[in-house]
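What follows is a set of notes on a single structure, which appears directly below.
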Amino acid sequence: MTTSSENQKVGPGAPPHSPQLTPHLRVSGIRKRFGGVEALRGVDFDVRRGEVVALVGDNGAGKSTLMKILAGAHHADEGQFFLDEQSVSISSPHDATDLGIQIVYQDLALCENLDVAANLFLGAEPTRPGWQFLPKFLRPIDEMRMEKKALEAIDQLRVRTLQSVRAKVGGLSGGQRQAIAIARAVGAESTVVLLDEPTAALGVAQTRQVLDVVKRLRDNGHAVVYISHNLRDIFEVSDRITVLRHSANVATYDTQDTNPDAIVVAMTRGLDGDGTHAA
Amino acid sequence: MQPDVQLSFSDRFRQLRETRFGTFAPVLLALAAIWIYFGITEPAFLSPRNFYFLFMQSAVVGTLAVGITIVLLLGDIDLSVAATSGVCAALMAVLIAMAGVPGPLACLIAIALGIFLATLQGLLVAYVGIPSFVVTLAGLLGFQGLMLKILGTQGAINMRDPFVRGITTITLPAALGWGLAAACVLAFALASFRRQTQRRALGLELEANSTLYGQVIFFAVLAFAAVATLNSYRGIPLLVVLLIGLTALLGWVTTSTPFGRSLFAVGGNAESARRVGMNVKHIRVAAFGIVGMMAAIGGIVGASRYASVSFNAFAGGPLLLEAIGAAVIGGTSLFGGRGSVWNAILGALVIGSLGNGLDLSGASAADKLMFSGAILLLAVAIDAISRSGTSQTR
Ligand SMILES: Nc1ncnc2c1ncn2[C@@H]1O[C@H](COP(=O)(O)OP(=O)(O)O)[C@@H](O)[C@H]1O
Ligand SMILES: [Mg+2]
Chain Z
2 MTTSSENQKV
12 GPGAPPHSPQ
22 LTPHLRVSGI
32 RKRFGGVEAL
42 RGVDFDVRRG
52 EVVALVGDNG
62 AGKSTLMKIL
72 AGAHHADEGQ
82 FFLDEQSVSI
92 SSPHDATDLG
102 IQIVYQDLAL
112 CENLDVAANL
122 FLGAEPTRPG
132 WQFLPKFLRP
142 IDEMRMEKKA
152 LEAIDQLRVR
162 TLQSVRAKVG
172 GLSGGQRQAI
182 AIARAVGAES
192 TVVLLDEPTA
202 ALGVAQTRQV
212 LDVVKRLRDN
222 GHAVVYISHN
232 LRDIFEVSDR
242 ITVLRHSANV
252 ATYDTQDTNP
262 DAIVVAMTRG
272 LDGDGTHAA
Chain H
547 MQPDVQLSFS
557 DRFRQLRETR
567 FGTFAPVLLA
577 LAAIWIYFGI
587 TEPAFLSPRN
597 FYFLFMQSAV
607 VGTLAVGITI
617 VLLLGDIDLS
627 VAATSGVCAA
637 LMAVLIAMAG
647 VPGPLACLIA
657 IALGIFLATL
667 QGLLVAYVGI
677 PSFVVTLAGL
687 LGFQGLMLKI
697 LGTQGAINMR
707 DPFVRGITTI
717 TLPAALGWGL
727 AAACVLAFAL
737 ASFRRQTQRR
747 ALGLELEANS
757 TLYGQVIFFA
767 VLAFAAVATL
777 NSYRGIPLLV
787 VLLIGLTALL
797 GWVTTSTPFG
807 RSLFAVGGNA
817 ESARRVGMNV
827 KHIRVAAFGI
837 VGMMAAIGGI
847 VGASRYASVS
857 FNAFAGGPLL
867 LEAIGAAVIG
877 GTSLFGGRGS
887 VWNAILGALV
897 IGSLGNGLDL
907 SGASAADKLM
917 FSGAILLLAV
927 AIDAISRSGT
937 SQTR
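One line per chain: the protein sequences are Z and H, in this order. According to my numbering, the first sequence is numbered sequentially starting from 2. According to my numbering, the second sequence is numbered sequentially starting from 547.
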């Protein structure tokens with residue numbers, strides 16, 4: 002199954018912003034079962050620094066499951082992980098964070114009972130200096146630094162309608178919540194950013210801002226994975242497009258060498274007779 | 547930075563609710579209403595002597611309610627908390643009375659036992675995945691049995707140890723009481739103003755000056771009024787100082803540390819908490835450990851106050867229900883993710899005042915039960931209504 006995606010991987014002619022030549026994050030043979038459902042059956046995937054890979058496929062194709070595995074939220078039943086071609090293991094969210102992988106979950110994974118600043122730093126609260134004698138989880142949170150950094154992160158995304166980083170997330174609109182989830186992933190130290198349908202709840206203007214953020218991440222040398230059902234957006238920001246169907250790879254395309262119709266066909270019917278699908 | 551637009555009343559109300567004092571508003575109002583009502587109908591109610599007994603009576607319930615609040619934040623419940631108290635108190639009494647163990651050591655052993663029993667239940671909840679309701683219901687029954695076993699046939703052990711008795715009999719000299727109150731008020735004021743200055747320096751949104759001064763003045767009035775009242779009877783009970791200190795510590799842990807933040811996060815959305823890397827299982831076990839500690843302390847306080855440990859003081863239900871009721875009346879959500887240990891203390895005072903006032907007015911046990919039920923319902927209703935105004939989903 003590795004051979005099928007191998008020949009599609011490196012397209013002719015480097016893209017204009019010249020991404021790295023070897024994959025930054027690469028996984029192969031990823032399998033995941035949920036009880037009787039086989040959500041991923043031996044999927045390969047890779048992304049380089051300085052490029053945006055779009056991940057497409059019908060609902061239920063396994064995109065979110067793959068992203069959750071990369072982020073350590075699910076544990077793969079089988080499969081290998083490589084970071085800069087070094088074998089690594091991702092078995093918890095901490096592993097992923099430590100490897101520089103950040104994610105915007107499709108369901109956002111926010112806590113509605115906490116305020117914006119608390120959500121932005123959830124699980125990574127900055128603590129005040131001078132309390133080293135206490136274990137880390139009992140040191141006082143540096144609320145002011147947190148708020149200050151939260152304001153900066155929010156400003157970057159220009160969520161103008163958001164009045165205060167001390168507002169509870171439960172009272173915010175879908176678009177505002179999505180912006181916060183994005184700000185959380187983008188604001189943290191990372192080299193890989195995974196965005197699982199980050200524009201689903203956004204209007205035209207806000208979608209544009211997210212696309213700008215994606216481009217900025219790419220230009221800063223991040224490896225970006227972008228999941229969306231909007232092919233126009235995908236053709237605008239992506240360098241490569243990986244198509245999943247029925248829990249398996251169909252193919253990976255260079256965006257400049259393909260067109261939306263071909264992608265739709267690959268998503269819905271696969272590559273008949275090509276032998277690439279493991280299904 | 548400061549918004550100079552005209553705010554509507556509902557905005558102001560919401561802002562008030564989001565300030566530190568705002569979350570206290572409903573339970574404080576309830577407490578004020580009860581005190582005013584009984585103050586008018588029962589002149590003895592507002593006497594310093596009665597306040598002294600009110601605080602002492604509410605102490606056990608308050609201690610347990612503070613502990614329960616910690617697991618309620620997670621969306622769990624501990625039905626065994628009163629029974630755990632009983633077991634710990636019984637063990638302490640046996641150790642002192644029969645084995646001659648010194649009081650302080652016996653207390654420490656009792657606290658260790660409380661932490662152990664609750665941690666055991668926490669492990670079952672977190673790692674085996676049994677709902678806390680079921681685990682602690684089993685604990686409630688089992689620990690009541692254990693308590694009977696420890697107490698033996700007579701079913702009660704007298705408590706004469708001076709150390710244990712001292713917890714509820716010692717009161718502070720008047721001057722020390724005033725000094726403590728002044729120190730607390732000063733610390734509170736300094737912390738508030740320092741915070742405001744730092745926030746201004748960082749360009750963060752500020753609290754309105756009126757709110758800031760209002761909080762400090764309110765706190766000062768409350769503290770000095772309490773000291774004045776208690777000093778005109780026997781002075782501030784040591785127990786009150788201990789309880790406030792413990793609550794302050796747990797209040798700090800829950801609101802200002804990553805551990806506390808994770809309690810709220812798990813209660814709000816356990817899956818989100820897990821995905822940002824929080825160890826939900828450890829957090830759950832730790833929370834149960836804290837309840838166990840508070841249960842044991844409650845048991846020691848109870849033993850000290852009644853000068854005996856008896857089955858009926860802890861088992862059977864009223865103590866458990868009052869403790870849970872106090873937490874909920876304080877405004878802590880049964881669904882997790884919202885609440886405060888300070889509110890649990892206020893909730894315990896509401897329940898204590900109600901019982902005390904009804905006792906004074908010669909109400910029957912039946913009346914007391916019905917009144918308590920009505921207040922609990924009212925508290926939850928007030929909270930539900932005021933929350934729907936802040937567009938919370940739950
Ligand atoms: N936690 C889960 N438990 C059981 N089945 C799941 C779970 N998560 C995903 N699945 C199943 O795995 C398949 C792939 O889902 P998903 O990765 O969410 O697809 P996509 O994101 O491409 O729409 C679906 O059939 C879905 O029902
Ligand atoms: Mg999905």
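Just so it is clear, CB atoms sit at the ideal spot from N, CA and C, and this is done for glycine as well.
Where do the N-terminal and C-terminal ends of the alpha helix (DSSP H) with Z/K149 fall, by residue? Note, Z/K149: alpha helix (DSSP H), 144-158.
Counting Cβ pairs closer than 8 angstroms, one from the stretch 184-194 of chain Z and one from the stretch 126-143 of chain Z, do we hit at least three? no
Hey, quick one: how far does the alpha helix (DSSP H) through H/N825 stretch, first residue to last? Looking at the DSSP string, H/N825 is not in any alpha helix (DSSP H), and its letter there is neither H nor E.
Along chain H, in chain order, which residues have C-beta atoms closer than 9 angstroms to that of Z/S191? Against chain H, the beta carbon of Z/S191 has no neighbour under 9 angstroms; the closest one sits roughly 14 angstroms away.
One question on the structure: do H/G723 and H/G781 come within less than 8 angstroms of each other, judged by their Cβ atoms? A contact, by the Cβ cut-off of 8 angstroms.
Anything in chain H within Cβ reach of Z/M147, meaning under 7 angstroms, just list it in chain order. Under the 7 angstroms cutoff, chain H gives no residues; its nearest Cβ is about 10 angstroms from Z/M147.
Taking three-plus beta-carbon pairs below 8 angstroms as touching, is the stretch 845-855 of chain H in contact with the stretch 672-679 of chain H? no
Using a beta-carbon distance below 8 angstroms, is H/N815 in contact with chain Z? So yes, H/N815 belongs to the interface.
Alpha carbon to alpha carbon, how far is Z/S29 from Z/R270? Give it in angstroms, no decimals. 23 angstroms
Min CB distance H/G935 to chain Z below 8 angstroms: Confidence in H/G935 is poor, its pLDDT being 48 and thus under 50, which makes the residue's placement too unreliable to answer from.
Taking only heavy atoms of ligand 2 into account, decide whether any of them is closer than 7 angstroms to the Cβ of Z/D197. yes
For a test of the three-state rule: what should DSSP assign to Z/P94, helix, strand or coil? When secondary structure is reduced to three states using DSSP, Z/P94 falls in the helix class.
Identify whether Z/N250 lies in helix, strand or coil by the three-state DSSP scheme. strand
Taking 7 angstroms as the cut-off, is the C-beta of Z/K64 nearer than that to any heavy atom in ligand 2? yes
Looking at the C-beta of H/V799, does it have a partner C-beta in chain Z at a distance below 8 angstroms? yes
Own chain residues within Cβ distance below 8 angstroms of H/S907, not counting five before or after: F584, T587, E588
Within the 8 angstroms Cβ cut-off, does H/R807 reach chain Z? yes
When DSSP labels each residue in this structure, what does H/L687 get in the three-state scheme? helix
Mind checking whether H/S631 and H/G901 have CB atoms under 8 angstroms apart? It is not a contact, given that the beta carbons lie outside the stated cut-off.
In this structure, does DSSP put Z/S191 in helix, strand or coil? coil
Can you pull the chain Z residues whose beta carbon is under 9 angstroms from the beta carbon of H/G883, in chain order? C112, E113, N114, L115
Among H/S886, H/G749, H/N777, H/C730, which residue has its Cα nearest to the Cα of H/V762? With distances taken between Cα atoms, H/V762 lies closest to H/C730.
By alpha-carbon positions, which one of H/G893, H/F601, H/L904, H/F597 ends up nearest to H/L574? H/G893
Within-8 angstroms CB hit, Z/G271 to chain H: no
If you drop the 5 nearest sequence neighbours on each side, which residues of the same chain put their C-beta closer than 8 angstroms to that of H/A769? A727, C730, V731
Between the alpha carbons of Z/P13 and Z/L22, how many angstroms are there, rounded? Bear in mind that the predicted position of Z/P13 carries a pLDDT of just 38, short of 50, making it too unreliable to give a figure here.
Would you kindly work out how many angstroms separate the C-alpha atoms of Z/A206 and Z/L158, rounded to a whole number? 12 angstroms
Proximity of H/L637 and H/A656 at Cβ, strictly below 8 angstroms: yes
When you compare the CB positions of Z/N114 and Z/G171, do they come within less than 8 angstroms of one another, or not? It is a contact, given that the beta carbons lie within the stated cut-off.
Determine contact between the stretch 43-62 of chain Z and the stretch 244-256 of chain Z, defined as no fewer than three beta-carbon pairs at a distance below 8 angstroms. Enough Cβ pairs lie closer than 8 angstroms, so yes.
May I ask you to list the residues that DSSP assigns as paired with H/T775? The partner list for H/T775 (beta bridge, DSSP) is empty, contrary to what the question assumes.
Against H/M824, what residues of chain Z qualify as contacts under a CB-to-CB distance less than 9 angstroms, listed in chain order? P94, L123, G124
Using a Cβ-Cβ cutoff of less than 7 angstroms, which residues in the same chain neighbour H/G903 once the five nearest sequence positions on both sides are dropped? Answer for H/G903: I580, F584, E588, F591, listed in chain order.
H/I875 - DSSP class collapsed to helix/strand/coil: Three-state result, H/I875: helix.
Taking the straight line between their C-alpha atoms, what separation do you get for Z/N260 and Z/I242? Their backbone Cα atoms lie some 10 angstroms apart in a straight line.
For Z/F46, verify whether its CB is less than 7 angstroms away from any heavy atom of ligand 1. no
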